[in-house]
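Quick note, the numbering used here runs 261 ahead of the 1-based positions in the sequence shown.
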Amino acid sequence: MRQPHQNPRAIAANEENSTRRVVVAMSGGVDSSVAAGLLVARGFDVIGVMMRLYSEPSQGSETKHNRCCTPDQMADARRVANQLNIPFYVLDTQEFFFNTVVQPFIDGHVSGQTPNPCIACNRSVRFDFLLKHALALGADYLATGHYARVSDTAEGYQLKKAIDGDKDQSYVLHVLGQYELARVIFPVGDYTKMEVRELASQLELPVASKSESMDLCFLADGNYRRFLVENAASSLHPGPIMTLTGSKIGQHLGLGHYTIGQRKGLGVSVGQPMFVVKKDPANNILILGTREEASKKRFIAQQVNWIAGNGPAAPIMAEVKIRYRANLVPAIITALDDNKARVVFEKPVFGITAGQGAVFYQGEICIGGGIIADEVI
């Protein structure tokens, strides 16, 4: 399977594309709608699919809702499909999504971590479950509205940052391998967000001016703390706040309310700024320290995926992003056994958080990444 060879910003139809079927993951939003529109304009045989994800009961109501596949969003996706004259299907993934994304999110908080559910979703739902369904529909490719790019090179497929650095989503796509990259297309990755909105208008899509949702998709109201109170009660019992030297300085409301590096909302006053340094779920203790104490030079990443297929035989220099909106920081990365890697920075980095993704870059190429582990090295 090879990536389609064409100008990534081309809108005119390519006769070669007419024999290629693409399933587009649609959400009713601007990005996935433009992705579908571009592929139709380029002459592909396009099928629109929307996943019905887990929905939780709304507050004060038995009706279930979430932020990403409401009836209104489903109607928007269907309107776009009708506008583009493509088939549109809804795929029920509620149980699978809960088991592979929501439950691990809950379990992670209970164990003292701060997981990123978008990474879990891309690993298990979009680019495994949905990709398999796309191929079963006879598709050659699966397309999404992610801001990222794929290059087909002599050495294999490369995942690259999007043209729009502010919108780049390669961080949450580091779980993809050669098999997936050979079969995915990211049509909007070669455009800025402003250009995508302009394209939506040019393509006369009914969602051209629709706003974005930045909250966790499976929440009814975007309030993850409320969600944890209802679903992870075992992580939310009050307990002591301690310093690294063992002094008790306050009482926390439940470990799930806090994340590493947090300063605000701690409810303590000790004469200097204090930050969350560690969570001890076994003893229900929240440990605070100075900014310096909340900074570390090294960590272990687990569940590491090397996009090229194999990890480097020797330590490499790369840049590492320790959360979605974090700056890239130079580091030496050493591949270890058991799909682990050691990351060592030149200087201590603030707020390294277990459960978050640690993603590795060399220039504009994402070479892989993993999940920050609890283990201390």
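Heads up, the beta-carbon is just placed ideally off N, CA and C, and yes, glycines get one too.
Check, Outcome
"Alpha-carbon to alpha-carbon, V537 and S530", "14 Å"
"Cβ contact (3+ pairs, closer than 8 Å) linking the segment 401-419 and the segment 435-453", "yes"
"Euclidean distance between Cα positions of E441 and Y485", "30 Å"
"C-alpha distance - N278 paired with D306, whole-angstrom precision", "8 Å"
"Cα-Cα separation between D353 and I380, rounded to whole angstroms", "20 Å"
"Host alpha helix (DSSP H) of M287 (start-end)", "No alpha helix (DSSP H) holds M287; DSSP gives it neither H nor E."
"Reduced DSSP category for M455 - H, G, I as helix; E, B as strand; rest coil", "helix"
"Beta-carbon proximity of N545 to G500, cut-off 9 Å", "yes"
"Distance CB(V605)-CB(K558) smaller than 9 Å", "yes"
"Beta-carbon separation (whole angstroms), A409 vs G369, contact threshold 8 Å", "Going by Cβ atoms, the distance from A409 to G369 rounds to 24 Å, so no, they are not a contact pair."
"Contact between the segment 559-579 and the segment 594-614 (3+ Cβ pairs under 8 Å)", "yes"
"Beta-ladder partner(s) of D306, from DSSP", "R282"
"Length-filtered (3 minimum) beta strand (DSSP E) runs lying within the segment 549-606", "556-567, 577-582 and 590-597"
"At least 3 beta-carbon pairs within less than 8 Å: the segment 509-520 vs the segment 330-345", "no"
"Coarse secondary structure for T361, derived from DSSP in three states", "helix"
"Neighbourhood of V362 by C-beta, 6 Å cutoff - its chain only, sequence neighbours within 5 removed", "P378, A381 and C382"
"6 Å Cβ shell around V295 - same chain, five flanking residues per side excluded", "V449, V457, L460 and A461"
"Cβ neighbours of A286 in the same chain (closer than 8 Å, five flanking residues each side left out)", "S293, V310, M311, M312, R387, L391, L403, A404, T405 and G406"
"For T414, the residue or residues it bridges with in DSSP", "G417"
"Beta-bridge pairing of I521 - partner residues as DSSP gives them", "Paired residue(s): none; I521 is not in a bridge."
"Beta carbon of L398 nearer than 9 Å to that of L420", "no"
"Cutoff 6 Å; reference A615; Cβ partners in own chain excluding five residues on either side", "Q374, I633 and D635"
"Cα-Cα separation, Q533 to V590", "27 Å"
"For T504, the residue or residues it bridges with in DSSP", "L549"
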